[in-house]
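Undergrad: Structure provided below as structure tokens; questions to follow.
Residue numbers (our numbering): 80 to 299.
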């Protein structure tokens, strides 16, 4: 028998989505300001020395473009955060973020400026991972209870509990409580289930009793 209990908690939290968007927005804003200042600095030096600095600059409109995109993204995060975190708009914004960051990383690498290369590379990898993680269709977390033990959600530090580790399982008032024999306690809010609570309790109690002889290696 297998019980799959859906949790109220989600795999991808809205705050996490917005935080990465903010990181990208600030990266673009700082980059745009830096490119603008660099362009201004090149113009301020004598003409005979400008030739040595032109290789380190982009056309001024690109600097202003990156700055504008950063400010626009920041404005959307503040004013339209619900829209930004919706699945389709969020995916398109992530794609734009990724390609622009890759372009900036490649340009910095060509100039052998390694610090911004690493920064853009790390942020672009974070955006790429977010594209995958946020693209998972089912955003619901589950706790799976079966003959072997209890499989905990992916957000939990411990992913699996053998029955020999478990002292008690209780589902009451929409809260699942798991007490372990080493005094650890796990609790989650359940979003609703069709299973009979009494049947779940009976199943868990039976498995706990059957595993008592293995408990010594988990107790402390």
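We treat Cβ as the ideally placed atom computed from N, Cα and C, and that holds for glycine.
A quick note: this is a predicted structure, and the numbers were derived from the prediction, not measured.
1) Considering only the beta carbon of each residue, do residue 260 and residue 224 sit closer than 8 Å?
2) For a test of the three-state rule: what should DSSP assign to residue 195, helix, strand or coil?
3) Given a cut-off of 8 Å, decide if residue 86 and residue 267 are closer than it, judged by their beta-carbon atoms.
4) In its own chain, which residues sit with a C-beta less than 8 Å from the C-beta of residue 97, not counting the 5 before and 5 after it?
5) Which residue from 141, 153 and 265 puts its Cα closest to that of residue 301?
6) Would you identify the three-state DSSP class for residue 244, choosing helix, strand or coil?
7) Let me check one thing: in DSSP terms, what residues is residue 258 bridge-paired to?
8) So the candidates are 263, 254 and 220; which of them puts its Cα closest to the Cα of residue 240?
9) Are the Cβ atoms of residue 146 and residue 108 separated by less than 8 Å?
10) Specify the secondary structure class of residue 231 as computed by DSSP and reduced to three states.
11) Who pairs with residue 223 in a beta bridge, going by DSSP?
12) Does the separation of the CB atoms of residue 199 and residue 210 fall below 8 Å?
13) Using CA coordinates, which residue listed in 203, 196 and 82 is at the minimum distance from residue 104?
14) In or out: residue 154 buried (at least 16 other Cβ within 10 Å) or exposed?
15) Are the beta-carbon atoms of residue 206 and residue 180 separated by less than 8 Å?
16) Under DSSP, the alpha helix (DSSP H) around residue 181 begins and ends at which residues?
17) Is DSSP giving residue 105 helix, strand or coil here?
TA: Well, looking at it:
1) no
2) Correct three-state label for residue 195: helix.
3) yes
4) 156, 160, 163 and 164
5) Lying outside 80 to 299, the shown extent of the chain, residue 301 is not represented and no answer is given.
6) helix
7) 247 and 264
8) 263
9) For residue 146 and residue 108, yes; Cβs fall inside 8 Å.
10) Coil, per DSSP.
11) 83 and 230
12) no
13) 203
14) exposed
15) yes
16) 166-189
17) Here residue 105 sits in helix by DSSP.
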